[in-house]
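Report on the following structure.
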Amino acid sequence: GAAARGNARMTDLPALDMVGAVASGALAGGAVFQDDGSAYRMGSDAAPLWAIESGKWRVTANGFEGADCEAGGFIAAGAAAGRKEWKDYTLSLRVKIVSRGGDWRDGPWIGVRCRRAAAGYTIGFYNRLTALHKVSAGRQTGDKTALAESPTTIKDNKWHTVRITAKGRRITVALDGKTIIDATDNDSNQSPAVTAGRIVLAARKYAKSKQSTRVLFDDVRVEAIGDAPAS
């Protein structure tokens, strides 16, 4: 939790032969990854469980803090964890904004099924709305072509619970227990749906923003899930 730093552990969810199969070696409850920060000393960057690809990261008594991650398009770049073979899963975590940069898109960005900058889905909690973006096969969505948007977003500096599910072609996002995005990627934006990849946490800051973006993340958990829903 935020006050007590607990365990960090990950098991391998291997490349699977069919969508929806769950590795028999998953942790109890279907968890393949969970981290509340206790395995690290204060001030560390949480290596090797997390790979820092952008921004400044440190473990604090209040959570895993990311600051000023680059905005190289509409895909999350920051601290990455997990395996490229992960397919259907639910990512749950707690998020708290400490400060936002000057751009309206600056704030917490969270990626699922990410393969570095090459592919993935990103949920951006902007100061005006929440947007779901996609990068695939050299194409990416933008402000006018997001897969989905919601007027509900994180606007304060309090802790919030986020739950993101990638199941088959369907991506759902819940904020504090309320579903705010429910989208199906039928090869949208003239590019194939992204079927597998890691998770990414980011504190997005636009390059021209003068203010700093700082975001706390905590209680990160990934659970493998079952069969993809019928189309």
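Basically the working numbering = 1-based index in the sequence shown + 79.
Glycine residues also receive a C-beta, built at the ideal position from the N, C-alpha and C atoms.
Assigned exposure category for residue i - 16 Cβ within 10 Å defines buried
i, result
"Gly-104", "Residue placement at Gly-104 is poorly supported in this model, since its pLDDT is 35, which falls under 50; the coordinates still yield a value, given next. Exposed, because fewer than 16 other Cβ atoms sit within 10 Å of the Cβ of Gly-104."
"Arg-207", "exposed"
"Gln-269", "exposed"
"Gly-151", "exposed"
"Pro-230", "exposed"
"Pro-127", "exposed"
"Gly-221", "exposed"
"Gly-161", "buried"
"Thr-292", "buried"
"Trp-183", "exposed"
"Gly-122", "exposed"
"Ala-197", "exposed"
"Lys-213", "buried"
"Gly-117", "Note on residue identity: the sequence assigns Ser, not Gly, to residue 117. The residue in question, Ser-117, is exposed, as its Cβ has fewer than 16 Cβ neighbours within 10 Å."
"Ala-216", "exposed"
"Leu-157", "Note that residue 157 is Gly in the sequence shown, not Leu. Classification of Gly-157: buried, given that the 10 Å Cβ count is 16 or more."
"Asp-224", "The amino acid at residue 224 is misidentified as Asp; the sequence shows Thr. So Thr-224 ends up on the exposed side."
"Arg-300", "buried"
"Arg-283", "buried"
"Lys-166", "buried"
Residues sharing a beta bridge with residue i, DSSP
i, result
"Gly-190", "Thr-201 and Val-279"
"Val-241", "Leu-172 and Leu-254"
"Ser-178", "Arg-293"
"Leu-211", "Ile-202 and Ala-227"
"Ala-118", "Partner(s): none; Ala-118 has no beta bridge."
"Ala-126", "For Ala-126, which the question treats as bridged, DSSP gives no partner whatsoever."
"Ala-262", "Ile-250"
Min CB distance residue i to chain C below 7 Å
i, result
"Arg-249", "Absent from the structure: chain C. Only one protein chain is present."
Residue i - containing beta strand (DSSP E), residue span
i, result
"Glu-302", "293-303"
"Phe-153", "No beta strand (DSSP E) holds Phe-153; DSSP gives it neither H nor E."
"Ser-270", "Premise fails: Ser-270 is in no beta strand (DSSP E) and is neither H nor E."
"Thr-139", "135-139"
"Ser-76", "With the chain covering only 80 through 310, there is no way to say anything about residue 76."
"Glu-144", "142-146"
Three-state class that DSSP yields for residue i in the structure shown
i, result
"Gln-219", "strand"
"Arg-249", "strand"
"Ile-233", "coil"
"Ala-158", "strand"
"Ala-196", "strand"
Presumed contact (8 Å Cβ cut-off) between residue i and residue j, rounded CB distance
i, j, result
"Tyr-205", "Val-273", "Incorrect: roughly 21 Å between the Cβ atoms, too far for contact."
"Glu-302", "Ala-110", "5 Å"
"Arg-194", "Lys-163", "6 Å"
"Leu-295", "Phe-112", "Contact doesn't hold; Cβ gap of about 19 Å is too wide."
"Asn-236", "Ile-189", "Going by Cβ atoms, the distance from Asn-236 to Ile-189 rounds to 18 Å, so no, they are not a contact pair."
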